[in-house]
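Undergrad:
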Amino acid sequence: MDQRRFPLLYVLPALAMMTLVLFSPVFYGFWFSLFRIQYGAPTNFIGLGNYARLFTDPAMGATLVRTIIFTLSSVAITTAIALCLAVWINSLKGRFAFIAQMVVILPWIISTVVATLLFRWVFLNDIGLALSLARALGLPDLHPLNDPNGAMGFLIAVSVWKRIGYALIVLLAGLKGIPEDFNEAARIAGASDWQIFTSITLPLLKTPLLLVTIVLTLSNVNTVETPLVLTGGGPGASTRILPMDVFDRAFINYDLGSATSLAVLMFAGNVLLVLAYVRLSKWKV
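Under my numbering, the residue at position 233 of the sequence shown is numbered 646, and the numbers go up by one with no gaps.
1) Between V488 and L588, which are expected to be in contact by the criterion C-beta below 8 Å, what is the C-beta distance as a whole number of angstroms?
2) Among the candidates A681, F536, S651 and G541, whose CA atom is the shortest distance from the CA of G474?
3) From the DSSP secondary-structure annotation, give me the bridge partner or partners of Q451.
4) Could you work out which residue in T525, Y441 and P557 is closest to N633 when comparing CA atoms only?
5) Check whether the stretch 673-689 and the stretch 625-642 are in contact - that is, three or more C-beta pairs closer than 8 Å.
6) Within 10 angstroms of its Cβ, does T639 collect 16 or more other Cβ (buried), or is it exposed?
7) Less than 8 Å between C-beta atoms, sequence neighbours within five positions excluded: which residues of the same chain meet that for V659?
8) According to DSSP, is V659 part of a helix, a strand, or is it coil?
9) Rank A599, A681, D594 and S612 by C-alpha distance to the C-alpha of N635 and give the top, closest one.
10) Just checking my contact of L618 with I518 at CB under 8 Å: how many whole Å lie between their CB atoms?
11) For V698 and G646, what's the separation of their Cα atoms in angstroms?
12) For Y464, which residues in the same chain have their Cβ closer than 8 Å to its Cβ, ignoring the five residues on either side in sequence?
13) What is the C-beta distance between F458 and F468, in whole angstroms, given that I count them as a contact (C-beta under 8 Å)?
14) With DSSP collapsed to three states, give me the class of I582.
15) Out of R576, A513, N683 and M565, which has the shortest C-alpha to C-alpha gap to L641?
16) Does L585 pass the burial test, meaning 16 or more other C-beta atoms within 10 Å, or should it be called exposed?
17) Measuring CA to CA, which of L477, R692 and I450 is closest to N666?
18) Is the Cβ-Cβ distance between T491 and V573 less than 8 Å?
19) Residues in its own chain within less than 7 Å of T529 by CB, not counting five upstream and five downstream?
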């Protein structure tokens with residue numbers, strides 16, 4: 414046996430297990446989507462009929478637009494705030510820097526369901542803490558979960574709050590890896606702090622920024638806990654995004670055929686995003 418191939422025998426069991434666990438559900442889901450589903454079991458083979466129903470669904474376009482708005486807004490705001498916080502924390506020294514990191518990372522550690530429930534309880538329509546405070550201060554009543562525009566903005570805010578800790582960790586690690594000699598040389602040459610940030614810091618953070626962007630995009634595109642617990646997709650369908658649509662089709666309407674088809678399409682979209690990251694990550698600074 415070729416000695417160069419001998420190490421592959423050691424990783425073959427792990428690869429086989431990963432293939433079984435990760436890819437077999439995908440192939441089974443695609444096969445499942447080609448049938449008419451009744452009582453949870455495939456019956457008649459209909460080919461791409463379930464996919465055709467998705468593309469002819471008049472509500473699908475609006476759901477896709479809401480998903481794009483939610484994802485792009487959440488990723489952009491989270492990345493921008495995390496970058497500012499990372500630069501600020503990186504400039505701190507001693508115990509205060511450690512405390513600041515822990516405070517920002519704390520929301521990321523909390524369970525998504527628990528964190529979302531906390532926000533929902535604060536903004537309950539009748540007994541929420543925010544409503545009580547607003548009335549005590551003589552301010553107008555706060556009902557963001559009842560307003561279609563406010564509900565989407567509130568959903569984005571909760572998503573940003575929950576995921577900002579992850580983005581901070583990655584970007585702060587990237588900042589710690591930039592040699593201080595680069596900044597010192599730029600200051601000696603007369604560069605301002607803004608010039609150092611735009612000409613040195615940002616280019617050297619390209620890979621961490623790409624990683625954060627892709628991971629946050631995948632996380633927001635596939636999240637179902639936050640909209641399900643916070644708004645339930647409402648009011649109306651103002652916060653109904655694609656993962657919520659999959660959940661409703663499968664477990665509310667029991668339309669497993671279209672739910673599986675939509676899940677397969679979302680998986681394909683995730684693969685394209687990952688491939689885009691792999692391609693972009695090959696860029697040189």
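Glycine included, every Cβ here is placed at the ideal spot set by N, Cα and C.
Here the structure is a predicted model, which is why all the values come from computation and not from measurement.
TA: With the given structure in hand:
1) For the purposes of this step, residue 488 is taken as residue 75 along the sequence shown, with counting starting at 1. For the purposes of this step, residue 588 is taken as residue 175 along the sequence shown, with counting starting at 1. The Cβ separation is near 20 Å, so there is no contact.
2) As a working note, residue 474 is residue 61 in the sequence shown. The shortest C-alpha separation from G474 is found at S651.
3) Reading the sequence shown from its first residue, position 38 is the one you call residue 451. According to DSSP, which records beta bridges pairwise, Q451 is partnered with A454.
4) Residue mapping note: residue 633 aligns to position 220 of the sequence shown, counting from 1. Ranking the options by Cα distance to N633, first place goes to T525.
5) yes
6) As a position in the sequence shown, residue 639 is number 226, starting the count at 1. Buried is the call here.
7) Indexing the sequence shown from 1 puts residue 659 at position 246. Here the set comprises V637, A672, L675, A676 and M679.
8) Your numbering for residue 659 matches position 246 in the sequence shown. V659 falls in the helix class under three-state DSSP.
9) Along the sequence shown, one-based indexing puts residue 635 at 222. It is A681.
10) As a first step, residue 618 is located in the sequence shown; it is residue number 205 there, counting from the start. As a first step, residue 518 is located in the sequence shown; it is residue number 105 there, counting from the start. Going by Cβ atoms, the distance from L618 to I518 rounds to 19 Å, so no, they are not a contact pair.
11) Working through the sequence shown from its first residue, we reach residue 698 at position 285. Working through the sequence shown from its first residue, we reach residue 646 at position 233. With a pLDDT of only 45 at V698, under the threshold of 50, the placement of this residue in the model should not be trusted, and no figure is reported.
12) Taking the sequence shown and counting its residues from 1, the one referred to as residue 464 is at position 51. Closer than 8 Å at the Cβ level, and outside the excluded window around Y464, lie S446, S674 and L678.
13) Reading the sequence shown from its first residue, position 45 is the one you call residue 458. Reading the sequence shown from its first residue, position 55 is the one you call residue 468. Not confirmed; about 19 Å, so no contact.
14) To locate residue 582, count along the sequence shown from 1; it is residue 169. Of the three classes helix, strand and coil, the one that applies to I582 here is helix, per DSSP.
15) In the sequence shown, residue 641 corresponds to position 228, counting from 1. Here the closest residue by C-alpha is M565.
16) The residue given as residue 585 occupies position 172 in the sequence shown. Looking at its Cβ environment, which holds 16 or more other Cβ atoms inside 10 Å, L585 is buried.
17) As a first step, residue 666 is located in the sequence shown; it is residue number 253 there, counting from the start. It is I450 whose Cα lies nearest to the Cα of N666.
18) What you label residue 491 is simply residue 78 of the sequence shown in a count that begins at 1. What you label residue 573 is simply residue 160 of the sequence shown in a count that begins at 1. Against a cut-off of 8 Å, the Cβ pair of V573 and T491 comes out as a contact.
19) Position 116 of the sequence shown, counted from the first residue, corresponds to residue 529. Excluding positions up to five away in sequence, the list reads V571, E638, T639, V642 and L643.
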